[in-house]
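Note that the sequence shown covers residues 131 to 728 in the working numbering.
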Amino acid sequence: MDSFPGDLELKEGLPQLIVIAIVGLCSVYIFARLFTDPEAAVGYAIPEPEQLHPDWTGKVLDEPSLKVSGSSAIQCYAPATGQLLGLVNPSTPDGIDRAIQRAQEAQRVWATTQFSQRRKVLQTLLKFVLENQEPIARAACLDSGKTRVDASFGEILVTVEKLKWTIKHGSRALEPEKRPTNLLMMYKRNEVRWEPLGVVAACVSWNYPFHNLLGPIISAIFAGNGIIVKGSEQTAWSSQYFTSITRGALSACGHDENLIQSVICWPSVAPHLTSHPAISHLTFIGSQETAHKVAASAAKSLTECCLELGGKDAAILLDDINDIDRVVATIIRGTFQSAGQNCIGIERVICLPKIYDKIIPLLQPIIESLRPGSALHSNSCSPIVDVGASISSAGFSKVENLIAEAVTQGARLLVGGKQFQHPDYPKGHYFSPTLIVDVHPDMKIASTELFAPVCLLMRASSISDAIAIANGTDYGLGSSVFGSNPADLERVTRELKAGMVAVNDFAAYYAVQLPFGGVKGSGYGRFAGEEGLRSLSAQKSIIRDRWPALIKTAIPGPLQLPLANEQRAWDMCRGIVEFGYGETLSRQIGGIRKLIGI
131 MDSFPGDLEL KEGLPQLIVI AIVGLCSVYI FARLFTDPEA AVGYAIPEPE
181 QLHPDWTGKV LDEPSLKVSG SSAIQCYAPA TGQLLGLVNP STPDGIDRAI
231 QRAQEAQRVW ATTQFSQRRK VLQTLLKFVL ENQEPIARAA CLDSGKTRVD
281 ASFGEILVTV EKLKWTIKHG SRALEPEKRP TNLLMMYKRN EVRWEPLGVV
331 AACVSWNYPF HNLLGPIISA IFAGNGIIVK GSEQTAWSSQ YFTSITRGAL
381 SACGHDENLI QSVICWPSVA PHLTSHPAIS HLTFIGSQET AHKVAASAAK
431 SLTECCLELG GKDAAILLDD INDIDRVVAT IIRGTFQSAG QNCIGIERVI
481 CLPKIYDKII PLLQPIIESL RPGSALHSNS CSPIVDVGAS ISSAGFSKVE
531 NLIAEAVTQG ARLLVGGKQF QHPDYPKGHY FSPTLIVDVH PDMKIASTEL
581 FAPVCLLMRA SSISDAIAIA NGTDYGLGSS VFGSNPADLE RVTRELKAGM
631 VAVNDFAAYY AVQLPFGGVK GSGYGRFAGE EGLRSLSAQK SIIRDRWPAL
681 IKTAIPGPLQ LPLANEQRAW DMCRGIVEFG YGETLSRQIG GIRKLIGI
């Protein structure tokens, strides 16, 4: 019987209906992914401190100081101008205890969250940072004295990189990992898990008040922990604002903001935190001198530490550099970033003979032209600022004395070398951008961390000499080498005693989340990257039966206690060892014979 015309039309239109259905389903899927992504960022707002308003003018202190006569409060001020930012009440031991308790309670719930939930919080935080770069940079500049460009590079860029990396790769670092087995245990499956530690702590330095505070928070909460962050009293004002940003992201996503706690205290109270038995891990960013005290304090509770200390980072310049202008620009940026207050800043430029004579006349006019000042008071009608303020003038006399001593020993001071009295900001803390050359390894300035805007040049007679000079201090944090010959670059990279090396670049390892940390007197432990996340986790080793219904570990009769025959037990043990680990087939066969008793 012939088909009716209507049936024919239906059959011919069927492929079109299928295509329409597929397109419709794909559209629904794409819409769901774009507009209903469960990990999508949530918008939120944080009140900005009044000091961030462009028209704010604070009282200029006659004697800028953290301490106030007759008060225990921390007096916060802008080091670039001496303007009062406000007073912060320091935490007490009881206050620290309460903060830890709140974090513990929040962490018990947070530890049960999925990675997707944690990514959502970080996505939310990332969105906020990207949308609020101006106030964040302004707060960092006000409290630490750096320029806006320095804040963008050293505060914002590296923070959003850490957020993006953790969002994209963090769960892979913390997912259970299979491990190989051996012949004797071939019926077992091995696994390592990384689980939350509980509540961790971070004592961070003042030179990067935004990034140094957020970095430990990002890693800690993604690993399932609560965290107590002790910011420096030098940047107590901005620490409160920056902490509220991270807590706001938690709250916006429906989580307890008490997971993150901020404490600011005087040094005399800090040991209560660093020795606290409820702290499972401690990250410290600061000086060698303080690190000794922190490590001793943490040892009282056997708390694991990651210590990121100072450095005397060297940039080695080989004679075959073929892009000298690029290298000079990199040296300038690496030396004067944040007015030299950079743990991985370039503290020594070690040059081979040919490049040494070329680079001095290139560096000198640039350094002479650098303009110190307050970034937040520069606009289209006022001078551009190249170098910001120092956090304090307390270390200026030490740097001046080291420079003067080096000059008496044969070094040449070509630019700067002393405190700078800014005509517009007489209460600000400024050190003149400095160039000192002909420095020898036996001069004290060659091995002392300056943390100041000082470009220091040393001459090396050969590659071997350059490496020896670079390795000749107690420090071993970062380093860099510039040149063209791959073999020479690899040799220097291999022989440098440092935790990190950048080849033909400066500190690029920090912008890609490689593990960060040093050797020798620059500390131990690593943060950033997979190693950093795993260091904030409790490692748990698990072994289980591969085929539980077929085979399980059983103690052979001759080895069961009490022993029936000690010699037979011994022979069986030897047989197990030789069968499982014999280096030749004959030894393994001998092991089998001992096992079965023949």
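Where a beta carbon is used, it is the ideal one built from N, C-alpha and C, also for glycine. None of the values given here were measured: they were computed from a predicted structure.
Which residues share a DSSP beta bridge with residue i?
i, result
"residue 565", "545, 585"
"residue 216", "206"
"residue 326", "667"
"residue 703", "Answer is none; residue 703 lacks a bridge partner."
"residue 293", "In the DSSP output, where bridge partners are listed per residue, residue 293 has none listed."
"residue 434", "411"
"residue 333", "360, 414"
"residue 307", "322"
"residue 517", "502"
"residue 190", "213"
"residue 197", "204"
Using C-beta distances below 6 angstroms, list every residue in its chain close to residue i, excluding the 5 sequence neighbours before and after it, in chain order.
i, result
"residue 190", "212, 213, 557"
"residue 522", "559"
"residue 722", "709"
"residue 499", "none"
"residue 469", "517, 518, 520, 583"
"residue 705", "721, 724, 725"
"residue 72", "There is simply no residue 72 to check, as the chain begins at 131 and stops at 728 in what is shown."
"residue 319", "674, 676"
"residue 502", "517, 550, 560"
"residue 444", "478, 480, 600, 609"
Please go through the same chain and pick out, in chain order, the residues whose beta-carbon is closer than 8 angstroms to the beta-carbon of residue i, but skip the five residues on each side of it.
i, result
"residue 574", "532, 535, 536"
"residue 297", "249, 252, 253, 256"
"residue 180", "186"
"residue 738", "A query on residue 738 cannot be resolved here, the shown segment of the chain reaching from 131 to 728 and no further."
"residue 679", "none"
"residue 713", "none"
"residue 729", "Beyond the ends of the chain as shown, which are 131 and 728, falls residue 729; an answer cannot be given."
"residue 510", "The predicted model places residue 510 with a pLDDT of 39, which falls under 50 and marks its position as unreliable, so this point remains unresolved."
"residue 232", "388, 391"
Would you grab the beta carbon distance between residue i and residue j for me? Rounded to a whole angstrom, and I think it's under 8 angstroms.
i, j, result
"residue 362", "residue 396", "The pair is not a contact, with the Cβ atoms about 11 angstroms apart (cut-off 8 angstroms)."
"residue 275", "residue 559", "7 angstroms"
"residue 416", "residue 439", "7 angstroms"
"residue 655", "residue 436", "3 angstroms"
"residue 376", "residue 347", "5 angstroms"
"residue 610", "residue 442", "Their Cβ separation, rounded to whole angstroms, is 13 angstroms, which puts residue 610 and residue 442 out of contact at 8 angstroms."
"residue 368", "residue 269", "5 angstroms"
"residue 351", "residue 304", "Incorrect: roughly 12 angstroms between the Cβ atoms, too far for contact."
"residue 200", "residue 663", "Not quite, the Cβ-Cβ distance comes to about 46 angstroms (not below 8 angstroms), so this is no contact."
"residue 196", "residue 364", "7 angstroms"
"residue 602", "residue 571", "5 angstroms"
"residue 636", "residue 476", "7 angstroms"
"residue 272", "residue 343", "Actually they do not touch by this definition, with Cβ atoms about 15 angstroms apart."
"residue 581", "residue 525", "7 angstroms"
"residue 340", "residue 373", "Not confirmed; about 10 angstroms, so no contact."
"residue 306", "residue 278", "In fact, because the Cβ distance is near 44 angstroms, the residues do not count as touching under 8 angstroms."
"residue 206", "residue 366", "5 angstroms"
Among the residues of its own chain, which have a CB less than 7 angstroms from the CB of residue i, if the five just before and after it don't count?
i, result
"residue 401", "427"
"residue 450", "613, 614, 615"
"residue 291", "641, 643"
"residue 720", "708"
"residue 711", "none"
"residue 653", "421, 437, 438, 439, 647"
"residue 239", "386"
*asked:* Report the start-end ranges of each beta strand (DSSP E) in the segment 605 to 689 that is 3 residues or longer and not cut off at the edges.
replied: Within the segment 605 to 689, the complete beta strand (DSSP E) runs of at least 3 residues are 609 to 612, 667 to 675.
_If contact is defined by three or more beta carbon pairs under 8 angstroms, each pair taking one atom from either stretch, is the segment 252 to 262 in contact with the segment 476 to 492?_
Segment contact: the segment 476 to 492 against the segment 252 to 262, fewer than three CB-CB distances shorter than 8 angstroms; contact not assigned.
*Whole beta strand (DSSP E) runs in the segment 442 to 513 with 3 or more residues, listed along the chain?*
Counting only unbroken stretches of 3 or more residues, the beta strand (DSSP E) elements lying wholly within the segment 442 to 513 are 444 to 447, 478 to 481, in sequence order.
*Unbroken beta strand (DSSP E) runs of length 3 or more, entirely within the segment 338 to 398: which are they?*
Counting whole runs of 3 or more residues, the segment 338 to 398 contains the beta strand (DSSP E) stretches 356 to 360, 390 to 393.
_I'd like the ranges of any alpha helix (DSSP H) spanning at least 4 consecutive residues and lying wholly in the segment 206 to 284._
Qualifying alpha helix (DSSP H) stretches, in chain order: 223 to 240, 245 to 261, 263 to 274, 278 to 281.
*Could you say if the segment 220 to 231 and the segment 399 to 417 meet the contact criterion of at least three C-beta pairs nearer than 8 angstroms?*
Touching, yes.
*Report yes or no: do the segment 260 to 267 and the segment 352 to 359 share at least 3 C-beta pairs separated by less than 8 angstroms?*
Counting C-beta pairs closer than 8 angstroms gives fewer than three between the segment 260 to 267 and the segment 352 to 359, which falls short of the contact rule.
_Quick test of the definition: if touching needs 3 or more C-beta pairs under 8 angstroms, does the segment 543 to 553 touch the segment 513 to 531?_
Two segments are said to touch when three or more pairs of C-beta atoms, one from each, lie closer than 8 angstroms; by this definition the segment 543 to 553 touches the segment 513 to 531.
*the segment 386 to 394 contacting the segment 305 to 321, beta-carbon criterion three pairs below 8 angstroms*: Taking a contact to require three or more Cβ pairs closer than 8 angstroms, the segment 386 to 394 and the segment 305 to 321 do not qualify as touching.
_Would you call the segment 493 to 508 in contact with the segment 560 to 571, where contact means no fewer than 3 C-beta pairs closer than 8 angstroms?_
Contact between the segment 493 to 508 and the segment 560 to 571 is present, because at least three Cβ pairs lie under 8 angstroms.
*Using 8 angstroms as the threshold, is the segment 668 to 679 in touch with the segment 324 to 333, meaning 3 or more CB pairs across them?*
Output reads yes: the segment 324 to 333 touches the segment 668 to 679.
*Evaluate the contact criterion for the segment 626 to 638 versus the segment 596 to 610: three or more CB pairs, one atom per stretch, below 8 angstroms.*
Flag = yes, the segment 626 to 638 and the segment 596 to 610 touch.
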